[in-house]
Structures are given as C-alpha cells and as structure tokens.
Amino acid sequence: VDQLASEVRLRAGDAFAASALATIGSTRERTASPAEPDWSSAITQAGAGLPIALQSAPFFQDEYAQVALPNGIVDADAYFAVRRPGRGVALDRGKRAAVWAVVEQMRKDQRIANQLGYGEIAAVAAHWATTTGTVFADHVLVDEGQDLEPAKWKLLRAIVTEDPNDLFIADDSHQR
C-alpha cells in the first residue's frame, strides 16, 4: 500500500501540495522523503504539559494514525471537536491541547526536514484521488487487512471504482 500511495503521489504532481495543505495543514513537495515521525523528539520538545502516562511514542503513533489523519485534522479546534471512541484514554480539553502541541511540533519537524510519514502520504494521496475523481482500478484485493491503518483504507477506497465487489478484503482479526 505504501508503494501504491507513492505512485498516486507521483501522478498527483504539483497538485499534491494542495492536498497536503487540506489533509495535514501544510504543503509539501511531492518529493518529500518518506520517514516515520520522530514522536520521541516531539514529545521532548513540546510535551511538557503532558501527564507522564501520555508521554509515550506508541500513544502518539496510534492517536495520529487513528484520529488525526483519518479525520483530516489540521488545527487544535478540529482536534478538540473530534470524537475518539475506543481510544481507551480519555482526554479533557487541557490534555487535548497538550497532545495537539506535540502533534504540531512533529509536523513542524517533518516540514523542516521535508519529510512525510507513510500514513501521511496515503492520506494526502487519498484526498487527491477523491477530490479529482481519479480512479486507478476496477477492483482491489487486500490481504492482511488487519494491518492497515485508516489512512491506507481511505486510499484503497479512493483509488477503486465504487461498485459491488470492488474491494475484496482478507484479514485475520484475531491478529489484532
């Protein structure tokens, strides 16, 4: 799926920047290097207001992949308003503000380094394919579906013609 997202990014050309602005809140060159976010650094730089229990890179990886990216959250107001069912950690407004400060720091660090995470590339590519109506396939076969995060599911939905039997998904939910 990461390779597919990269192919969509190439096809988008210069329009990729506009989709990045709409999806992650800042433009990026379509040639930005793929690199997973350095959450530890962002937490160190901007996470002083976080309770110790939330100063965890895995928490931020999941929160970003499960909440921020699939909902196209680009600012604190949108993060304050989004529902987070099933996340297992309740966040009041103060904690959300502290979490969002770390997300903004990570995005700033990646913007300076001209990098995008794989999930971000998939989210931006999905936005571009959806808004332009560009379809890449009649059918998509997905194996190991339990391993995909929401941004990658959105990409798969965006690149296929929406018809009966357009997506065939094989997964093992017990591996979750």
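FYI, our numbering numbers position 66 of the sequence shown as 255, with every residue one higher than the one before it.
Where is the CB? At the ideal position from N, CA and C, for every residue including glycine.
- Within the segment 193–237, complete beta strand (DSSP E) segments of at least 3 residues are not found at all.
- When only Cα atoms are considered, Glu-333 and Ile-358 end up about 8 Å apart.
- Judged by DSSP secondary structure, Leu-330 falls within the beta strand (DSSP E) whose first and last residues are 329–331.
- Where Leu-356 is concerned, there is no enclosing alpha helix (DSSP H), although the beta strand (DSSP E) around it starts and stops at 356–358.
- One thing to note: Ala-206 has its Cβ no nearer than 8 Å to the Cβ of Gln-304.
- Annotation for Gln-294: the continuous alpha helix (DSSP H) segment containing it runs 282–302.
- A check of alpha carbon separations from Ser-230 across Phe-249, Ala-242, Thr-212 and Thr-321 identifies Phe-249 as the nearest.
- Rounded to whole angstroms, Gln-294 and Arg-276 show a C-alpha spacing of 22 Å.
- When the Cα atoms are used, Asp-191 and Leu-344 turn out to be separated by approximately 10 Å.
- For Gly-202, the CB contacts under 8 Å within the same chain, skipping 5 residues up- and downstream, are Arg-219 in chain order.
- In this structure Thr-212 touches Gly-261 by the C-beta definition: roughly 6 Å separates them, less than 8 Å.
- Of Gly-306, Gly-238, Ile-232 and Gln-234, the smallest CA-CA separation from Leu-258 is found for Gly-306.
- The shortest C-alpha to C-alpha distance from Arg-198 to any of Val-349, Gly-214 and Pro-223 is the one to Pro-223.
- Apart from sequence neighbours up to five positions away, the residues of its chain that approach Leu-356 with a beta-carbon distance below 7 Å are Val-329, Val-331, Leu-345 and Val-349, ordered along the chain.
- Close CB contacts of Ala-286 within its chain, under the 7 Å cut and outside five residues either way in sequence, are with Ala-265 (chain order).
- A straight line joining the alpha-carbon of Lys-341 with that of Ile-241 spans about 31 Å.
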